[in-house]
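Chemist:
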Amino acid sequence: VVSANAAWVPPFGTGATLYVRPFMIGTGNTVGVKPSPTYEFRIMVTPVGAYYSNGVAPVALTVSPYDRAAPHGTGNIKAGLNYAMSLYPTTWAHEQGFADSMYLDSGSRTYVEESSGANFLFVDKEGTLVIPQSYTDSILPSITRRSLATVAKDMLGMKVVERPVRFDELDQFVECGMCGTAAVISPVGKVVDGQKEIVFGAGMEAVGPVMSKLRNTLTSIQSGEIEAPEADWICKIC
Numbered sequence: 018v019v020s021a022n023a024a025w026v027p028p029f030g031t032g033a034t035l036y037v038r039p040f041m042i043g044t045g046n047t048v049g050v051k052p053s054p055t056y057e058f059r060i061m062v063t064p065v066g067a068y069y070s071n072g073v074a075p076v077a078l079t080v081s082p083y084d085r086a087a088p089h090g091t092g093n094i095k096a097g098l099n100y101a102m103s104l105y106p107t108t109w110a111h112e113q114g115f116a117d118s119m120y121l122d123s124g125s126r127t128y129v130e131e132s133s134g135a136n137f138l139f140v141d142k143e144g145t146l147v148i149p150q151s152y153t154d155s156i157l158p159s160i161t162r163r164s165l166a167t168v169a170k171d172m173l174g175m176k177v178v179e180r181p182v183r184f185d186e187l188d189q190f191v192e193c194g195m196c197g198t199a200a201v202i203s204p205v206g207k208v209v210d211g212q213k214e215i216v217f218g219a220g221m222e223a224v225g226p227v228m229s230k231l232r233n234t235l236t237s238i239q240s241g242e243i244e245a246p247e248a249d250w251i252c253k254i255c
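To convert a position in the sequence shown, counted from 1, into the working numbering, add 17.
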């Protein structure tokens, strides 16, 4: 698919990329509430500009009063339903002046789960990369999250821990970031919950050193500037 659309691959060094989105939809001749008897797999590609046109900068989040995923539901798979659940809460967050929402687990509203379309990463005072886990399988184990965990451990020599992260321990972390395909890492300067404000490191003034290093390393691998930690990460196609 990429080879067939090679003319649309943006020039190297522009920060723009060719976004590849595989998806599958039900195509059966039924309107009942049941699985489709047939499906169609498609791959869409489109050129996209640099995610940060003015440079990477920290963003502010609000703790959402809404839920993204039900316990033991579809939160851990890449389903359209999960994004649909975040549309109104994201609009609400933007109206409040925030870049995105931080969702807590819907069962106890105690543990950190995801943002509207990205995983969270934290760095503690000892320099450990802490990746939130879910007791109820409500967090998507994204490829970007897995890639950054490998980069942190195998290339940067960091200790990486995956565990449930309580919201009330966020003030113990010195860095926070959201990771996903488009942004790779979007650094978080602060999280606001009503009258409570949790600031990470330099807050909105500067990107933390670990998030910066993780992002620069993974994007350099993607652009072929440095060698990947595993051979199958990069595939020459045209």
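Yeah, the Cβ is synthetic: ideal placement off N, Cα and C, and Gly gets one too.
By the three-class DSSP mapping on this structure, what secondary structure does Ala24 have?
Modeler: By 1-based counting over the sequence shown, the position of residue 24 is 7. Three-state DSSP puts Ala24 in a helix.
Chemist: Could you check how far apart the C-beta atoms of Thr10 and Met172 are, in whole angstroms? I think they sit under 8 Å.
Modeler: The structure shown does not extend to residue 10, since the chain spans only 18 to 255, so no value can be given for it.
Chemist: Span of the beta strand (DSSP E) holding Asn46?
Modeler: Translated into positions along the sequence shown, residue 46 becomes position 29. Unbroken run through Asn46: none, as it is neither H nor E.
Chemist: Could you check how far apart the C-beta atoms of Phe115 and Leu78 are, in whole angstroms? I think they sit under 8 Å.
Modeler: Start at 1 with the first residue of the sequence shown, and residue 115 comes out as number 98. Start at 1 with the first residue of the sequence shown, and residue 78 comes out as number 61. Going by Cβ atoms, the distance from Phe115 to Leu78 rounds to 6 Å, so yes, they are a contact pair.
Chemist: Which class does Asn71 belong to by DSSP, given the choice of helix, strand or coil?
Modeler: By one-based count along the sequence shown, residue 71 stands at place 54. Coil at Asn71, not helix or strand.
Chemist: Identify the continuous alpha helix (DSSP H) that holds Ala96 and give its terminal residues.
Modeler: Taking the sequence shown and counting its residues from 1, the one referred to as residue 96 is at position 79. Careful: Ala96 lies outside any alpha helix (DSSP H) and carries neither H nor E.
Chemist: Where Tyr152 and Ala110 are concerned, what is the direct C-alpha to C-alpha distance, given to the nearest angstrom?
Modeler: Here the question's residue 152 lines up with position 135 in the sequence shown. Here the question's residue 110 lines up with position 93 in the sequence shown. So the two alpha carbons sit approximately 26 Å from each other.
Chemist: Report, in whole angstroms, the separation of the C-beta atoms of Leu138 and Gly194, which I expect to be a contact under 8 Å.
Modeler: Residue 138 sits at position 121 when you count from the first residue of the sequence shown. Residue 194 sits at position 177 when you count from the first residue of the sequence shown. The Cβ separation is near 5 Å, so the contact holds.
Chemist: How big is the Cα-Cα spacing for Arg73 and Gly225?
Modeler: Here residue 73 refers to the residue found at position 56 when the sequence shown is read from its first residue. Here residue 225 refers to the residue found at position 208 when the sequence shown is read from its first residue. Note on identity: in this sequence residue 73 is Val, with Arg being the wrong assignment. The alpha-carbon atoms of Val73 and Gly225 are separated by roughly 11 Å.
Chemist: Can you tell me where the alpha helix (DSSP H) holding Ser230 begins and where it ends?
Modeler: One-based indexing of the sequence shown puts residue 230 at position 213. Before going on, a small fix: residue 230 reads as Lys here, not Ser. First-last of the alpha helix (DSSP H) with Lys230: Pro226 to Gln239.
Chemist: For the alpha helix (DSSP H) that Arg126 lies in, which residues bound it at each end?
Modeler: The residue labelled residue 126 in the question sits at position 109 within the sequence shown. Here Arg126 belongs to no alpha helix (DSSP H), and DSSP marks it neither H nor E.
Chemist: Please tell me whether Arg232 and Val201 are closer than 8 Å, where the distance is taken between their beta carbons.
Modeler: On the sequence shown, position 215 is the one that residue 232 refers to. On the sequence shown, position 184 is the one that residue 201 refers to. Taking 8 Å as the Cβ cut-off, Arg232 and Val201 qualify as a contacting pair.
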